[in-house]
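Heads up: the structure comes next, in structure tokens.
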Amino acid sequence: MTGWLEFAPGLAIHEDELAFRFVRASGPGGQNVNKVSTAAELRFDLAGSPSLPPPLKARAAKLAGSRFTDAGEILIFAERFRTQGANREDAVQRLMELLAAAAVIPKKRRPTKPTMGSKTRRLDSKKRRSGVKSGRGKPTAD
727 MTGWLEFAPG LAIHEDELAF RFVRASGPGG QNVNKVSTAA ELRFDLAGSP SLPPPLKARA
787 AKLAGSRFTD AGEILIFAER FRTQGANRED AVQRLMELLA AAAVIPKKRR PTKPTMGSKT
847 RRLDSKKRRS GVKSGRGKPT AD
């Protein structure tokens with residue numbers, strides 16, 4: 727199982743960069759959950775990965791949030807399924823989705839100014855509302 731895992735066009739990581747550890751899962755499952763290590767713990771050394779460019783690493787670290795460790799690794803814990811293989815695939819899939827989301831370069835926001843028409847519409851509605859409210863007062867003795 728040595729190959730490249732592509733998560734975006736032109737961007738891939740090598741399977742050798744992924745480290746797996748299998749532990750006992752929590753939750754229901756009876757005797758099976760007590761004696762079989764089916765939960766998969768995936769570690770990916772983001773900081774030390776030679777396959778990824780630095781801007782993508784920074785975005786991935788931010789997206790990973792609490793799954794990003796102080797050692798510069800992304801830690802994904804998968805225990806959704808009853809088998810080791812399915813949990814392993816689930817962990818890899820979740821890592822690929824995270825890296826694919828990090829591969830999308832966010833568009834820079836361009837500040838815009840309100841148009842002249844929108845300014846006049848806003849001021850006209852304020853004047854109209856002001857006239858309605860001033861008409862609700864007590865009549866003056868003129």
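Going left to right, the sequence shown walks through residues 727 to 868 as the numbering used here numbers them.
Backbone N, C-alpha and C fix where the C-beta goes; we use that ideal spot for every residue, glycine too.
Closest Cα partner of residue i within the set the options
| i | options | result |
| --- | --- | --- |
| D771 | D742, R820, M842 and R750 | D742 |
| L731 | L821, A828 and D796 | L821 |
| R793 | L825, V762, P779 and P776 | L825 |
| R747 | E823, A738, P781 and I802 | I802 |
| G736 | P779, A817, S775 and V749 | P779 |
| K761 | E767, V749, P832 and R835 | V749 |
| L789 | T838, R814, I831 and G811 | I831 |
| R814 | A745, T866, K852 and G791 | A745 |
| L768 | S860, A786 and D816 | D816 |
Cβ shell of residue i (< 6 angstroms), same chain only, five flanking positions each side left out
| i | result |
| --- | --- |
| R862 | none |
| I739 | L731 and S777 |
Span of the beta strand (DSSP E) around residue i
| i | result |
| --- | --- |
| R771 | Checking the sequence, you will find Asp at residue 771 rather than Arg. Counting along the chain, the beta strand (DSSP E) containing D771 begins and ends at A765 to D771. |
| R747 | L744 to V749 |
Local Cβ density within 10 Å of residue i, reported as buried at 16 or more and exposed below that
| i | result |
| --- | --- |
| A784 | exposed |
| L849 | exposed |
| V818 | buried |
Other residues of its chain near residue i: CB distance less than 7 angstroms, five sequence neighbours each side excluded
| i | result |
| --- | --- |
| A751 | V759, T764, A765 and E805 |
Start-to-end residues for the alpha helix (DSSP H) that takes in residue i
| i | result |
| --- | --- |
| S856 | M842 to S860 |
Nonlocal neighbours in the same chain, by C-beta distance under 8 angstroms from residue i, ignoring five residues either side
| i | result |
| --- | --- |
| S775 | I739, E743 and K783 |
*asked:* Restricting to runs no shorter than 4 residues, where is the alpha helix (DSSP H) found entirely within the segment 763-838?
replied: 780-790 and 810-829
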